[in-house]
Amino acid sequence: MIDLCQWRARIGSWGYHQWSKSCDYPTGTTKELSGISCRCTSSSTLILSIFISIALLLFISGDVELNPGPTLTDQPTKEELVELLSSSKFIAGTWEQFICYLPNVTQDFIVGIKQNAKENEVSPNSIDAVAQHCQNIPDITWRSICIALLSSNEVTLARQIFEKHSRTSKSTCKTIKDVMRSHYCKLKEATENCLQKIADKMYSEGLINREVRDMPTFEKIELDFLSLISVHIEDVSILEEKCQLFLSCLAIAEGPAREEALALAEDWQQEVFKNHHVSFTLLIYQKTKHSSATEIEFRSDHTISLQLQNLLKKFPGLVRDIRKFYATSKEYDMIDVARWIEESYEVTGLVHDGTTVDEIFNVLQPHYNFLCIDPLSDLMEEYPINDQNVLFKYRQYTECLESFTDSAKISEVMTSIEAALTEEGSRTDPKVVLKLSGKWTDRTIKNLQKLMEYFFPDEAKYLRIKKIRTGSLEIHFLAASYKVIDSLLAKAQDKVKFMCHFGIFQLTINNQTIINGVEDVNFSFNESLLHVISDQDEEYKKMALLLLQFDINVNYRNSSGNTALTLASSGKHHQVVDILLSMSPDINIRNNKGVTALMIASYYGNSQIVELLLRNGPDINVCEFKGWTALMFACQDGYCDVVKLLLSENPDVDIQNDKGETALFIACDNGHCQVVEVLLHANPDVNIATNDGWTALMLSCCKGYHKIVDLLLRWNADTSNKDKEGWDSFNLACYYGHCQVVEVLLGNVRAIDDQDNNGYNIFMNTKSKDGWTSLMLACHNGHYQVVQLLLDAELDINAQVKEKGWTALMIACANGHYQAVSLLLSKHPNINTQDKNGWTALMLACNNGHFSVVELLLNEDVNINIQHSDGRTALAFALQKSSQTTNYLNSVERLLNSHPNHMHQIKNFTVHSVVLAAIYCNTDAVEIIMKNCEVSQEHYTHAFVTACYSGCSPVMNLLSDKITSIINERELLIAAVEGDLGLLVSMLFEVGMSPDTPLVGGITPMMIAASCGHTEIVETLIQAGADVNKTNDKGLTVLDILLNKEEDFVTNSILNLLISTTGKVKPFSATQPQPISTSRGDISSNISLMRSIIDSEENPIQFHSDLLKSPAHRKSEDGNEGIAEDTQNTRHIM
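As numbered in the numbering used here, residues 3 to 1136 make up the sequence shown, in order.
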């Protein structure tokens, strides 16, 4: 018994042998019978004929069953032939016309049979004779009969015989035929203008016979090809080879034929070969320099490959339908379309009488391909298509193209795309060559298109990808015309500085180099995105939006720990943030400072961005590394809209940062009243204190935000809270002089009836740890309006600072605040109160030179003779400094008019006012005292001596008239005091006076000249024989006087001269005076005491508070509150 497979193979072989013999008769010739033409005239009949022919072939290639029954390859019996020829089913003609199309049957044979019957005078039975003759011809089978019937246009009868003698096949061969049948109409139309070229190629490849090549029609080509593959029913590899040859022969004609070949290739791949795991490769012969074939490989197991196949399948049909619409449409004049093409693509010769659609598309075709359909889109936009079927196909294709370019990475389709593109342009075609980082291979075709659209928004549609090379990705584009080159060059130059952000390191446009760099191996799309986002320029925003389409790692962090989202949140580019959020980033990522995107957006007050972020559920209570939350950042600069958005998410409003500050505290610190009010409605704890003990109320009082203070008090803020130094809200408001705040607080304090033992409100007289009251603090800074408010509240005006003993009046006088002193005096304070060191208000005013305050005090019942603990009176303090400013001198005169006591007990010594003035070298004061007071000669002498010890020549000169009446002695004194060498020489050598002449108190000219620093006078006196060891009445030598002066007031040259003259070496140390014997109990005998008196005391009332001077709460020099330390630090949150 024969094997089924062997049987099937033998039947196929026999069928092929029969087909080969049947191909020998000339096809397409006209056989006449009774003058009637046998040529087929109906196109529909022809198509049906092809259908039946294909069906016959499907039978030949079908599976063989165990009981196959009658087949088309069987030879009919005589009886079957008689039955057929006798049938009345011939419609188009007679049986004689049909029989002439059978193998080895001619018109002469029919005529001969009829003539023979007539000559033999038998009953003519031509049908029986013809049947007998046909039975004797082995080439006549049911298949050849079907073909003869089709040739004679007997379609109905041919179909009946076909259905009776054919079987359904489930083989691969059948599927190939079915797919080809579905493309029949499109293939026929696409090849009608290039049949001869296709036929020649197919003949050379052994796909068709000579007769088809000589007079080709697509019907004949199809029939021959299907007959050929029928002999290879189960050999898939041979079927694939034949199909590839068939497609490559179709594609060689280019244009629509090539496009339909691509579409057919894809369907064969999908429907036939994918089930056999065959990588189906379509060979496309291109018009290249070497006329070599290019391969497009379709991998049936890859989604991208399938998408590409789908595009290649749909594209030819779309182009054909668009062409057909314009070819058949009466709506547009092709001349107008041709003019538009010439203008758009810089071509000529297209506009002429009778311009056809084919001519237009021949010009347009090089500018579009299956990836770039912009030229077709532009044409349809300029000349709209109203055929809904075409529009549907166009929309469907654009959607598929969009999906493909969005998902297809360059590395995945590089080879296939380049093979599928049309032929290269000529050497003169304008080209754009772009070299990109190798990182681009992981990006999509759409990314590349978007890149070109960014740099060349108007020209990108005129660029077509022509070549893609691997490595550092190199892409060649063809420009539609030279018209766009100038524009491309200009825009490239304009944006050349941005190209590095996209990995572009070389760019050539029409052989003109724009960039010629080397690839940055460290290039990263992630870093580029972060760089452009951090810049607020609008151009960088556009680049960011483009880069976001490049499959970016949205959680990538730079060296500062920032991501694209954190950087974008700092600007106003909410579009960028919106896109980033759609990419599902980690919204709670923190940078190196612990700051999140929500914190940054809140810090910059970007309400739109905050709203976008909140929709994605961030951790709203997370803190950065200094404990700040997003709510704190928003409160800092008063972004009320942002605060409301954040509060809508129910954050913890009482979270404290590292300083112990809450969001409410920070809002109060910056005076954002509206924000404070919004926060208060979230019910925060208003009395939470910072690490230094400050509350929101205290800070608001410190800053003078009276509206905020009022709000806080209404929300039951505690006014009794104190910081670490014991300061409360009331103290702070008074110290900084915030009158409106004080008024608000006083209104709240008056409602409290708690009183101390003296009947004063305990809250108004509260003291800091140093014992300062609110009144004292207001007086310290001269805030008279606050002082007035406090005095009206009847607080204790005579309260003293503990340990120091200062009163509010003393503090105001010490600082010279006239208005505050005037207000205090109106309340009749104890004006003569002394502090622990004996200072009175008058002394403080005199010591600091506040003349107007001195006048106010002297108009009151003030005791001007009260002594300080060291014995000095107010006059003594005025004399001490009256040489510095006019105010001090005015104070002296005003005090002298009040008849003070001129004798001062200072450190157990009795000193007259004129002596004090002389000690301080206060010439003006000495002169005033001399004019207004009675001074004894003794006091003048003491004053002169002390002036000599101080080296105060003006005072000695002024007193010279009071200490001697001898003219020569006075002249010698003046010469020594003023350093008049000529006068000195005259008195010594002309008058003959002794250089050691003792003047008042035993003072010699040498002592006066040396103390006043007159070196020439000292040298002259020594040359004249003066005794440098001579002592005065107090037993002091000239060296004793000099060595007890301050170092800065000693002339070293004089000191060295005296030492060399005496032969004594004494160390010079003004800070370690030599012991001096004293014989009398007056000031002039104790130079050390004089020096201690000369050392004046600065303002004894010094206010100190570490907290008030800290950066968090101090005032700036212009009186405005400073910014909190944390607030300053957060300026660098990025």
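No residue lacks a Cβ here, since even glycine has one placed at the ideal position from N, Cα and C.
message = Considering just the uninterrupted stretch of the alpha helix (DSSP H) at H135, what are its terminal residues?
response = S128 to Q137
key: Beta-carbon proximity check, I921 vs T948, cutoff 8 Å   = yes
query = Is any heavy atom in the ligand FAD found nearer than 7 Å to the beta carbon of Y890?
reply = For the ligand FAD, the structure offers nothing, since it holds no ligand at all.
query = How long is the line joining the alpha carbons of N672 and E862, rounded to whole angstroms?
reply = 45 Å
key: For L480, three-class secondary structure by DSSP   = strand
request  = Quickly, what does DSSP pair F911 with across the bridge? List them, please.
outcome  = I908
inquiry  = Between C781 and H819, how many whole angstroms is the CB-CB distance? I'm expecting something under 8 Å.
reply    = 6 Å
key: Which listed residue (E361, E401 and W342) has its alpha carbon closest to that of Y385   = W342
ask   = Between the C-alpha atoms of D537 and S530, what's the straight-line distance to the nearest angstrom?
value = 11 Å
task = List the residues that DSSP assigns as beta-bridge partners of N518.
result = Q508
key: Bounding residues of the alpha helix (DSSP H) (the contiguous stretch that carries L393)   = Q390 to S409
query = Count the other CB atoms within 10 Å of the CB of D335; is the residue buried (16 or more) or exposed (fewer)?
reply = exposed
key: Extent of the continuous beta strand (DSSP E) run through I467   = L465 to R471
query = Nearest to K595 by alpha carbon, out of D621, T631 and I622?
reply = T631
request  = Ignore the nearest five residues each way along the sequence and tell me which others in A1's own chain have a CB closer than 7 Å to its CB.
outcome  = Nothing can be reported for residue 1, as the shown portion of the chain is limited to 3 through 1136.
ask   = Among V645, D639, F635 and L264, which has the Cα closest to the Cα of Q658?
value = F635
ask   = Taking the DSSP output, what are the residues bridged to Q802?
value = T809
message = Let me confirm a value: G739 is counted as buried when at least 16 other C-beta atoms fall within 10 Å, else exposed. Which label applies?
response = buried
query = Is it true that the CB of A977 sits closer than 8 Å to the CB of M989?
reply = yes
request  = Have a look at N312 and G257 and give me their C-alpha separation to the nearest angstrom.
outcome  = 18 Å
request  = Could you tell me the distance, in whole angstroms, from the CA atom of Q790 to the CA atom of Y707?
outcome  = 20 Å
key: Among N865, L480, F458 and I1061, nearest to A1012 - alpha-carbon criterion   = I1061
ask   = According to DSSP, is T943 helix, strand or coil?
value = helix
inquiry  = Residues in the same chain with beta-carbon distance under 8 Å from A265, minus the five sequence neighbours each way, listed in chain order, please.
reply    = H185, K188, L314, K315, K316, F317, P318 and G319
query = Considering only residues of the same chain and omitting the five flanking positions on each side of G784, which have a CB-CB separation below 6 Å?
reply = H819 and A822
request  = Look up V353 in the DSSP assignment and say whether it is helix, strand or coil.
outcome  = coil
inquiry  = Please identify the residue among D338, F372, E348 and C374 whose C-alpha is closest to the C-alpha of V359.
reply    = D338
query = So, is T768 buried or exposed, given that buried needs 16 or more other C-beta atoms within 10 angstroms?
reply = buried
inquiry  = Am I right that F479 and K468 are in contact with their C-beta atoms under 8 Å? What's the rounded C-beta distance?
reply    = 6 Å
message = Could you give the first and the last residue of the continuous beta strand (DSSP E) run that contains V435?
response = K433 to L438
ask   = Where does S572 land, buried or exposed, given buried means 16+ other C-beta within 10 angstroms?
value = buried
key: Through-space distance from L777 to L1142, alpha-carbon basis   = Limits of the chain in this structure are 3 at one end and 1136 at the other, which puts residue 1142 out of reach.
ask   = Does DSSP put T96 in a helix, in a strand, or in coil?
value = coil
query = Is C842 helix, strand or coil when you go by DSSP?
reply = Note that residue 842 is Thr in the sequence shown, not Cys. Correct three-state label for T842: coil.
key: Cβ pair E699, T721 closer than 8 Å   = In the sequence as displayed, the identity of residue 699 is Leu instead of Glu. Going by C-beta atoms, L699 is nearer than 8 Å to T721.
ask   = So, S893 versus F853, is the Cβ gap smaller than 8 Å?
value = yes
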